[in-house]
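Some notes on the structure that comes next.
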Amino acid sequence: MALPSEYSLAGKKVWVAGHRGMAGSAIVRRLQREDCHILTADRSRMDLRSQAAVEGWMAENRPDAVVLAAATVGGIHANNTRPAEFLYDNLVIETNIIHSAWRTGVGKLLFLGSSCIYPRAAEQPMREEALLTGPLEPTNEWYAIAKISGIKMCQAYRRQYGCDFISLMPTNLFGLGDRYDLTQGHVVAALIMKIHAAKLAGDTEVVLWGTGTPKREFLFSEDLADACVFAMKHYSDELPLNIGNGKEITILELATKIAETAGWTGHFTFDTSKPDGSPRKVMDVSRLTALGWTAKTEFAQGMAAAYEWYVANSASEAGRG
Ligand code: GDP
């Protein structure tokens, strides 16, 4: 069914589900610059895994638009060791929100997926058409299966009910309000923690997981948020839309850049008992670029902001833990 590709946020009630996470909080900050009313629901008031709670909240608050940024997320170790949570939490959050968005007549829904939905051996850079063309990376297949289901739900509700529900696939993210947890977090947050701690302690060695050779693309949180608002307004298609900057670096290069940002001059060693995960993950962002959006933040500038955020907000807590 053909749907209009332009959507105006003006005067709309927009629910950001997952507003406390790195992506969701950046989306709230970005939406504050739009002429819309932002709705949020605290975890203490509503468990998104409860169908009754989500349906009740939606019926009562009647958002015009929804950004589905809520998810159980984590780095390679968390993904690999908590398969049940990553599958169950994400499937149930998606089905609850997408289904009740249809039931309450939500006019636009944006679902956030992940670059890990693409096959491990997908041709690089990865195009949206690579979805479901091969086996997944085993360290995060549980999360990927849940996210693929979310994409499929958006497609199904578009086809059967004519809902303007879209899916965005962000690349690896870093930025403000990341999860600073050495075992559960993603690589950027973990390395900021380790390198900052080494700097304070005067240590000259930091251990990286794996071989340091995998390649990843890193997008700054505020750029992701800008892309989400752009896509809400200008994207309407059942094919997911990749969000990234198309630039990749190795994990060792990433660590070196974080060390430069932090002003730490030690060296890195490798714990190869830990998994590398995908050897390479870089997005083909040509469809996004053709629509007229490109990432604005230079990597060094984003990294400086992320490091500053950590030192101001989390470093003392992490030190106590
Ligand atoms: P992925 O992109 O889904 O594999 O998730 P991560 O962000 O957790 O990891 C990216 C890469 O960084 C993997 O190759 C990890 O092995 C590597 N890495 C190196 N050191 C660390 C670390 O301290 N924590 C994490 N999470 N990953 C690390």
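Following this note's numbering, the numbering of the sequence shown begins with 207 at its first residue and continues without gaps.
Even glycine gets a Cβ: it sits at the ideal position worked out from N, Cα and C.
The beta-bridge partner set that DSSP reports for ILE244 consists of VAL220. Here DSSP, grouped into helix, strand and coil, assigns VAL312 to coil. Cβ-Cβ distances below 7 Å link ALA437 to LEU316, ILE372, LEU374 and LEU447 in the same chain, with the five nearest sequence neighbours on each side left out; the list follows chain order. Within its own chain, the residues whose Cβ lies closer than 7 Å to the Cβ of ILE351, once the five positions on either side in sequence are excluded, are LEU293, listed in chain order. In this structure the stretch 235 to 244 touches the stretch 419 to 435; the number of beta carbon pairs closer than 8 Å is three or more.
Annotation: SER231 to LYS439 spans about 19 Å, alpha carbon to alpha carbon. Across the structure, ILE299 and TYR324 are spaced so that their CA atoms are roughly 21 Å apart. Two segments are said to touch when three or more pairs of C-beta atoms, one from each, lie closer than 8 Å; by this definition the stretch 459 to 476 touches the stretch 396 to 407.
Beta-bridge pairing by DSSP links ILE299 to no other residue. As computed with DSSP, GLU343 is found in no beta bridge at all. Between the stretch 300 to 308 and the stretch 334 to 342 there are fewer than three C-beta pairs closer than 8 Å, too few to call the two in contact. Fewer than three pairs of CB atoms, one per stretch, sit closer than 8 Å, so the stretch 484 to 497 makes no contact with the stretch 408 to 415. By the CB criterion at 8 Å, ALA216 and VAL272 fall outside the cutoff. Taken atom to atom, the span from the alpha-carbon of THR419 to that of ALA276 is near 31 Å.
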